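Peer 1:
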Amino acid sequence: MAHNHIPGSPPPLTLTPEFQCQITGIPPELLSIIFMMCTYLNPRRRLRPANHCSPMKLGLVCRAWRQLTLSCPPLWAQIYIKNDVREQHSFTSDALELDTFLARSEACPLDIILIYSFHSFDLRQDLHKPAELKVAEVVAKIVPHAKRWKSIVLIVPDACMPGIISALRDGVPMLKSFSHLASLGRRYTPTPEYLGSILFDVKLMPQMTEMGLDGVNVIWGDACHHKIQQLTWFSLSV
286 MAHNHIPGSP PPLTLTPEFQ CQITGIPPEL LSIIFMMCTY LNPRRRLRPA
336 NHCSPMKLGL VCRAWRQLTL SCPPLWAQIY IKNDVREQHS FTSDALELDT
386 FLARSEACPL DIILIYSFHS FDLRQDLHKP AELKVAEVVA KIVPHAKRWK
436 SIVLIVPDAC MPGIISALRD GVPMLKSFSH LASLGRRYTP TPEYLGSILF
486 DVKLMPQMTE MGLDGVNVIW GDACHHKIQQ LTWFSLSV
């Protein structure tokens with residue numbers, strides 16, 4: 286079909302197959318950087334990717350992109366899972382997603398955000414206890430990888446915390462940022478060991494510089510207050 290060319294206007298643009306497929310010519314090193322920008326997570330960053338499974342989505346585009354995503358462990362080192370505690374049907378897929386990201390990230394430092402909150406005004410613990418235990422099974426999957434934790438944001442039921450505390454007790458040498466927010470409508474009262482000899486212990490987390498506690502009962506004492514001098518950012522909300 287012929288196109289009428291208006292005098293004085295630019296000639297019509299003719300797209301060749303090579304021009305249409307320019308992205309296939311991008312070097313893998315550059316393309317992997319672009320992919321990383323699709324997955325970047327930061328607990329204090331307002332703008333985040335709309336899809337937290339972007340590495341999986343990118344790998345579905347074509348064979349070359351799948352090979353690239355599988356050969357780029359940092360692409361899988363940023364984990365974001367958000368769910369309602371009542372949505373028990375999704376716990377299995379959450380567990381599979383965690384297994385996939387943890388395995389494919391290999392030895393890379395991990396940025397993890399896990400949010401399992403109560404989007405309900407009915408907060409009676411007896412109704413949610415079975416679900417909380419299921420969530421704890423999902424969250425427990427990150428515990429064996431504690432040595433790789435770089436940043437952690439947790440909004441999880443109380444049943445999840447013993448495993449997390451155990452991991453902190455064993456030492457988290459790479460952890461720089463830690464945020465623990467109690468589930469909606471709850472207040473978490475941690476053990477003195479958690480806040481004293483663990484959470485503020487420089488020897489257990491020598492790189493810790495950022496910490497946020499929201500809805501967590503803090504009983505200040507000699508075991509805590511003098512140990513936070515290494516922090517450059519600290520948030521405490523009641």
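Our numbering puts the sequence shown at residues 286 to 523.
Each residue gets a CB set at the ideal place from its N, CA and C atoms; glycine is no exception.
All figures in this text were calculated on a predicted structure; none of them were measured in a lab.
1. Ends of the alpha helix (DSSP H) at Gln352?
2. Residues bridged to His465 by DSSP?
3. Between the alpha carbons of Met490 and Phe463, how many angstroms are there, rounded?
4. Of the residues Leu453, Glu417, Ser436, which one's Cα is nearest the Cα of Ala444?
5. Where DSSP assigns a beta bridge to Gln363, which residues make up the other side?
6. Under a three-way DSSP split, which group does Leu381 fall into?
7. Taking the straight line between their C-alpha atoms, what separation do you get for Thr517 and Thr476?
8. Can you look up Leu521 in the DSSP assignment and give me helix, strand or coil?
9. Can you tell me where the alpha helix (DSSP H) holding Met341 begins and where it ends?
10. Measuring alpha carbon to alpha carbon, tell me which of Lys414, Pro313, Lys367, Gly310 ends up nearest Leu399.
11. Is the beta carbon of Leu453 closer than 9 Å to that of Ala421?
12. Does the count of Cβ pairs from the segment 343-352 and the segment 384-399 closer than 8 Å reach three?
13. Please report how far the alpha carbon of Ile449 lies from the alpha carbon of Asp379, in whole angstroms.
14. So which of Gly456, Leu498, Met496 has the shortest CA-CA distance to Pro429?
15. Out of Met446, Leu381, Cys347, Ile318, which has the shortest C-alpha to C-alpha gap to Cys338?
16. Tell me which residues share the same chain as Ser522 and place their Cβ nearer than 6 Å to its Cβ, disregarding the 5 neighbours each side in the sequence.
Peer 2: This is what the structure gives:
1. 348-355 is the span of the alpha helix (DSSP H), which, as asked, contains Gln352.
2. Paired residues: Leu439, Leu498.
3. Their backbone Cα atoms lie some 10 Å apart in a straight line.
4. Residue Glu417 is the option with its Cα nearest to Ala444.
5. According to DSSP, residue pairing for Gln363 in a beta bridge involves Asp396.
6. Reduced to three states, the DSSP call for Leu381 is helix.
7. Across the structure, Thr517 and Thr476 are spaced so that their CA atoms are roughly 24 Å apart.
8. Strand at Leu521.
9. DSSP places Met341 in the uninterrupted alpha helix (DSSP H) bounded by 339-344.
10. The option with the nearest alpha carbon to Leu399 is Lys367.
11. For Ala421 and Leu453, no; Cβs fall outside 9 Å.
12. Touching, no.
13. Going by the C-alpha atoms only, they are around 18 Å apart.
14. Checking every option, the nearest Cα to that of Pro429 belongs to Gly456.
15. Per the Cα distances, Leu381.
16. Hits under 6 Å: Asp499.
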